[in-house]
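K.L.:
Protein chains in written order, with my numbering: chain L, 1 to 374; chain Y, 375 to 663; chain D, 664 to 975.
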Amino acid sequence: MTGIRLENVTKRFKTVVAVDDVSVEVADGEFLVILGASGSGKSTILRIIAGLEVQTSGHVFIGDMMVDDYEPRDRNIAMVFQSYALYPHLSVFDNIAFGLKVRHVERDEIDRRVNESARQLGISEVLKRRPSELSGGQRQRVALARAIVRQPEAFLLDEPLSNLDARIRSSARIELKRIHQQLKQTFVFVTHDQSEAMTLGDRLAIVDHGKLLQYDTPQQVLSHPLNRYVASFVGSPEMVFLEGNVEAAGTAFTFVEGPVRIPVRGVGKPGPVTIGLRPWDIAVGRSARDGGLPATVTGIERFGSSDQVFLDLQGPPGSLPARGGSAVAIRAMVRAYDFNVGDAVWVGFDPDRALFFDAEGERLESMSLLNRLP
Amino acid sequence: MRTRRGRRWIRLAKRVASHVVLILACLFALFPIYFIAVTSFSALPIASITAHVLLPNPSLLTTASYNAILFHQSPSFLSLLENSLIFAGSSAAIGLALAAFTGFALSKFNFPGRRAFVYFILLISLFPSVLLVIPFYFMFANLGLIDTYLGLIIPYSAGAVVFSGILVKNYMDSIPDDIEEAALVDGMSRTQAFFRVLIPLCYPVLGLAAFLAFIGPYTDYALAHVFITSSDKWTLALGIYTLNSSDTGSMPYGLVTAFAIVMSLPIVVAYIVFQRYIVGGLTLGAVRG
Amino acid sequence: MADLRDQKLAVRLRREWPAYVYLLPVSAVLLLLNAYPIAYTIYISMTDFGTGGRGSLLSYHYIGLSNYLDTFTTGSSTFVTLVGNSFFWAGGCVALFLLVGLGLASVLNQPIRGKSIYRTLILLPWAFPAFITILVWANMWGYQFGIVNAMLATVGVAPVNWVLSTPDAAWAALFITNVWLSFPFYTVVFLATMQAIPKDLYEAAAIDGAGSFSQFLRITLPYLRPTIVFVGLMGFLFTFNNFYPIYLITNGGPGISTQIFITESYNDAFGAHGATPLYSIAAMYSVLDFLIIIALTVVVIWQTDLTRNWLK
């Protein structure tokens, strides 16, 4: 049995395509995170699942049932809004109980379920208060309780953690994961925060301009991004990109950007290519044994246990030192080091982790760095 | 270059002048109220009224005028009050419901023809409502509804509908959409969401709309004058107008003002209750505009 | 809900149809009690219904626009007077409202003691229904027994027949009464807007050397401009058709020097003094009034772009 399925869902607003032929299959009990920037269409997808928007074409299935023609209230889903959307004129208890009252659940049953959810979320003491008297974190938990108490087939969450203070956000995140494991229900979670997505999701659906770019586990997305957008969006600190051209000299191919020259292999033909590397996969040291590319340290940002080093890559030994605009700037994360700003150092790339992208941003699977550097 | 000392004098003079201006403004605003109050508690012949108003003689204060108004006139004050309340109350109830429905439909739905509809009702509301008396008279005469309760309540209900509907619409615009959506996801139909979630959130503006819908018919003379012919249906407005235009030379001064005070009482009380919303709502609209 | 304007008509109808049900009662009311009477008025204005002479209540004929033509030609002095009076009444009142409102709001905007007391006192008259207070004012302007004349007498001024002697006196009485009715509203609105102006603008100006009057011109007024325009225009439209002050105090007199469209129309139809009701003429004046108001409103909305973001 599947939890939720989207089949070729498209949503068009006059000329703008908000959702472009998206197909996703969420397993029962899975935690799916839809990740994207503002305006990418991620919230629209969620609202289509909820029934608050009607898709232009395509089908939505909840628990094997096609729900295209069903109103939100008949889809047996619960939703947590970004603003929580609590009823201001009702007490917390009545807020949580509302959905049950509307469905004419018995009074005793309502009391039991509401109190149980409140206990689960630690808000039993505030049941009599109004939403306006609660803190942001408490309101978020009331919104969750309201959803849980309905015992729906799936939970839809629209950036529910975005309005919380940074401090509370990580504990709220952990709590949400815990609830998911307890309930074993299908969760669809929308966010623009990639670290949130990485920690919470069983699988990620990355969208940009309405298109589904990659649908995979977090680890896969991190290590094998299908295109440059995904690679740059996911992972912290952000990926380093070198944008240049591959030139051919006989059978040897070299990646060229500015003064930097890196031998590569497995190339089809010469042309523009982007190399992507995570700062963690870049080694920096004083001796040539640490790496094959000379560079100058232009800055160091201290983060505590590890620091981010800003470097300008130079050309091969013997060429003129590059300065300012013509230099190729990169970042590396290092733990222990003995150099300072302004020093000449050597940089090495981990060839197993280097990613190559063509001019359109698609992965070039066949390319790789020629040498182990060192 | 003004010296510090010189500036202090100027500031003092400005402050004094400000207070003077404000006191004059208050006197201007309050004088008629004071006039009404004092004369209503008097029953003097006309000639001596000025001296009395300017320098009230406590020994001459009496409730004789109130007595006369409340208990000794025909049609009786009670009858006038009753009729006014029937007309204004019924019209207010109907007008409030209409305003609530209209505001809801205009605010939370985006239906084809919405723009045209709004322009249409705004256009219609530009016609001077007092002059609708003329066609109303013939329309209702043909239906035999002149001099009936129903016949006057119907046109009264339509009075404030457009303005109140717009007020409700503006207020509902400020209620975030996701509260309604949460209600839908929670299992309500749009109608249920309207009555159980949106309306309770709109009590302030609904109170204002009810107030406006009440005060129009309560103080209407133009329509009532034409529609009501039998004295048992006379309203307070008709009563006070007749009293005012009758020969005041021989009557003790103060009857009209006593009448005015008693007639105003419900409105003043309602105003004090709703004051926050009325003043707030109006200034909010004006500042935004 | 999200921007549905761009979706296909059928989809929108399917989702939004309850709106039509909610609007049904209002639409019925407006059609029957607003649209139809207006149409009916227009129709009557083109007949000779009730104008004694040719037509009477029982038999009347369609005469096209001859009522209008008559007014513009032979009765044109009446028409011109009415137009002039209506505009003078509305324009003069609004000018006074704005002046008094701005002035008082400026005074109140200073840090002075008892500000809220003053404000409450000034707003107090507003609690009383306008109809009643206008009646009382009409009383006060009385020639023989009115309190205004009586008070003037105590300072040695001869009694003035406000209502029946000269147009100047009549207009004075009307303007003063209307200012009394409305100035609290304008004062409060302007005060609220003024209080929203950040104080450091004034401090910066003071450092730059601007005196208080100059500060008013360069800071306060520009900030207030949208509000002034809005309430000014609304006030103009409202006063143009404000029936009760003129009807109850001067009833258009002396002669028709203070008569405006709306009072002329009402009197033609239901005039006292046993005159024959001139329903078609009254209807005509209603229509003319309506057309003028529409023209003014269109210009206002066009010029100030009032409804720009109002409908999603």
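Glycine is no exception: its CB is placed at the ideal position from the N, C-alpha and C atoms.
Please read these numbers as outputs of a predicted model, since none were measured by experiment.
Roughly how many angstroms separate the alpha carbons of D/R717 and D/Y703, rounded to a whole number?
P.N.:
Any answer about D/R717 is weak, because its pLDDT of 43 lies below 50 and its placement is not dependable; what the coordinates show is given next. So the two alpha carbons sit approximately 20 Å from each other.
K.L.:
Residues of chain L with CB closer than 7 Å to the CB of Y/D547, please, in chain order.
P.N.:
Result: empty, since nearest Cβ-Cβ is about 16 Å, beyond 7 Å.
K.L.:
In terms of residues, what are the limits of the beta strand (DSSP E) holding L/S57?
P.N.:
Start and end: S57 to I62.
K.L.:
When burial is assigned at 16 or more other CB atoms within 10 Å of the CB, is L/A359 buried or exposed?
P.N.:
With fewer than 16 other Cβ atoms within 10 Å, it is exposed.
K.L.:
Here's the rule I'm using: 16 or more other beta-carbon atoms within 10 Å means buried, otherwise exposed. How should Y/I527 be labelled?
P.N.:
Flag for Y/I527 reads buried.
K.L.:
Check this for me: beta carbons of D/M947 and D/Y731, under 8 Å apart or not?
P.N.:
Going by C-beta atoms, D/M947 is nearer than 8 Å to D/Y731.
K.L.:
Compute every distance between the C-beta of D/Q858 and the non-hydrogen atoms of the ligand MN, then say whether any falls below 7 Å.
P.N.:
The ligand MN is absent from the structure shown, which contains no ligands of any kind.
K.L.:
Grouping DSSP H, G and I as helix and E and B as strand, with all else coil, what is L/Y215?
P.N.:
Strand at L/Y215.
K.L.:
Could you work out which residue in D/V842, D/V743, D/H724 and D/F735 is closest to D/P788 when comparing CA atoms only?
P.N.:
Looking at the Cα atoms, D/V842 is the closest of the given residues.
K.L.:
According to DSSP, simplified to helix, strand and coil, what is D/Y725?
P.N.:
In the structure shown, D/Y725 sits in a strand (DSSP, three-state: E or B).
K.L.:
State the beta-bridge partners of L/N227 as determined by DSSP.
P.N.:
DSSP output for L/N227 lists L/E362 as bridge partner(s).
K.L.:
Using a beta-carbon distance cut-off of less than 8 Å, what residues from the region 61-80 of chain L approach chain Y?
P.N.:
From the region 61-80 of chain L, only E71, P72, R73, I77, A78 and M79 have a Cβ closer than 8 Å to chain Y.
K.L.:
Are the CB atoms of Y/V636 and Y/I443 nearer to each other than 8 Å?
P.N.:
Yes, these two residues count as a Cβ contact at 8 Å.
K.L.:
Quick one, which of L/A231, L/S132, L/V309 and L/E175 has its alpha-carbon nearest L/L144's?
P.N.:
If we check each option's Cα against that of L/L144, L/E175 comes out closest.
K.L.:
I'd like the ranges of any alpha helix (DSSP H) spanning at least 4 consecutive residues and lying wholly in the region 791-872 of chain D.
P.N.:
Correct list: 793-803, 810-817, 830-858 and 862-870.
K.L.:
Say whether chain Y places a C-beta atom closer than 8 Å to the C-beta of D/V962.
P.N.:
It does not: the Cβ of D/V962 has no partner Cβ on chain Y nearer than 8 Å.
K.L.:
With DSSP collapsed to three states, give me the class of D/G716.
P.N.:
Confidence is the limiting factor: at D/G716 the pLDDT is only 46, short of 50, which leaves the residue's position unreliable, though a coordinate-based value still follows. It is coil, neither helix nor strand.
K.L.:
When you compare the region 44-63 of chain L with the region 226-241 of chain L, are there three or more beta-carbon pairs, one atom per stretch, that lie closer than 8 Å?
P.N.:
Not touching, per the Cβ criterion.
K.L.:
In the DSSP assignment, find the beta strand (DSSP E) that holds L/I206 and state where it starts and stops.
P.N.:
Unbroken beta strand (DSSP E) run through L/I206: R203 to D208.
K.L.:
Just to check my reading of the structure: D/A932 and Y/I508 have Cβ atoms closer than 8 Å, yes? What is that Cβ distance to the nearest angstrom?
P.N.:
About 5 Å separates the two Cβ atoms, so the contact holds.
K.L.:
Determine, using beta-carbon pairs with one atom in the region 393-401 of chain Y and one in the region 602-621 of chain Y, whether at least three such pairs fall under 8 Å.
P.N.:
Touching, no, given that fewer than three Cβ pairs across the two stretches are closer than 8 Å.
K.L.:
Among residues of its own chain, excluding the 5 on either side of L/F241, which ones have a beta-carbon nearer than 6 Å to its beta-carbon?
P.N.:
Closer than 6 Å at the Cβ level, and outside the excluded window around L/F241, lie T274 and G276.
K.L.:
Who are the neighbours of D/G767 on chain Y, taking C-beta pairs under 8 Å?
P.N.:
First, the amino acid is wrong: residue 767 of chain D is Leu here, not Gly. What D/L767 touches in chain Y: V395, L396 and A399.
K.L.:
Contact between the region 586-596 of chain Y and the region 605-613 of chain Y: three or more CB pairs below 8 Å?
P.N.:
Contact between the region 586-596 of chain Y and the region 605-613 of chain Y is present, because at least three Cβ pairs lie under 8 Å.
K.L.:
Taking only the alpha-carbon atoms, compute the straight-line gap between Y/L496 and D/S749 and give it to the nearest angstrom.
P.N.:
Roughly 22 Å separates the two Cα atoms.
K.L.:
Determine whether the Cβ of Y/R385 lies closer than 8 Å to any Cβ atom of chain D.
P.N.:
No, Y/R385 does not count as interfacial toward chain D.
K.L.:
List, in chain order, every chain Y residue whose beta-carbon is nearer than 8 Å to that of L/F386.
P.N.:
This structure cannot speak to residue 386 of chain L, because chain L is shown only from 1 to 374.
K.L.:
My understanding is that Y/D547 touches Y/S481, with C-beta atoms under 8 Å, so please give their C-beta distance in whole angstroms.
P.N.:
Yes, they are in contact, since the Cβ atoms of Y/D547 and Y/S481 sit about 5 Å apart, within 8 Å.
K.L.:
Would you say Y/I508 reaches chain D, if we count a Cβ-Cβ gap shorter than 8 Å as a contact?
P.N.:
It does: the Cβ of Y/I508 has a partner Cβ on chain D nearer than 8 Å.
K.L.:
Indicate whether at least one CB of chain D lies closer than 8 Å to the CB of Y/I443.
P.N.:
With 8 Å as the cut-off, Y/I443 does not count as an interface residue toward chain D.
K.L.:
Name the two residues that bound the continuous beta strand (DSSP E) containing L/W346.
P.N.:
Unbroken beta strand (DSSP E) run through L/W346: A344 to F349.
K.L.:
Take D/Y725 and list the residues in its own chain whose beta-carbon comes closer than 7 Å to its own, dropping the five residues that flank it on each side.
P.N.:
Only M709 and T710 meet the Cβ criterion.
K.L.:
State the DSSP-derived secondary structure class of Y/G469, mapped to helix, strand or coil.
P.N.:
Y/G469 falls in the helix class under three-state DSSP.
K.L.:
Tell me, please, which residues DSSP counts as bridged to L/R265.
P.N.:
BP columns for L/R265 point to L/S368.
K.L.:
Just verifying my parser: in three-state terms, what is the DSSP assignment at D/V674?
P.N.:
Helix, per DSSP.
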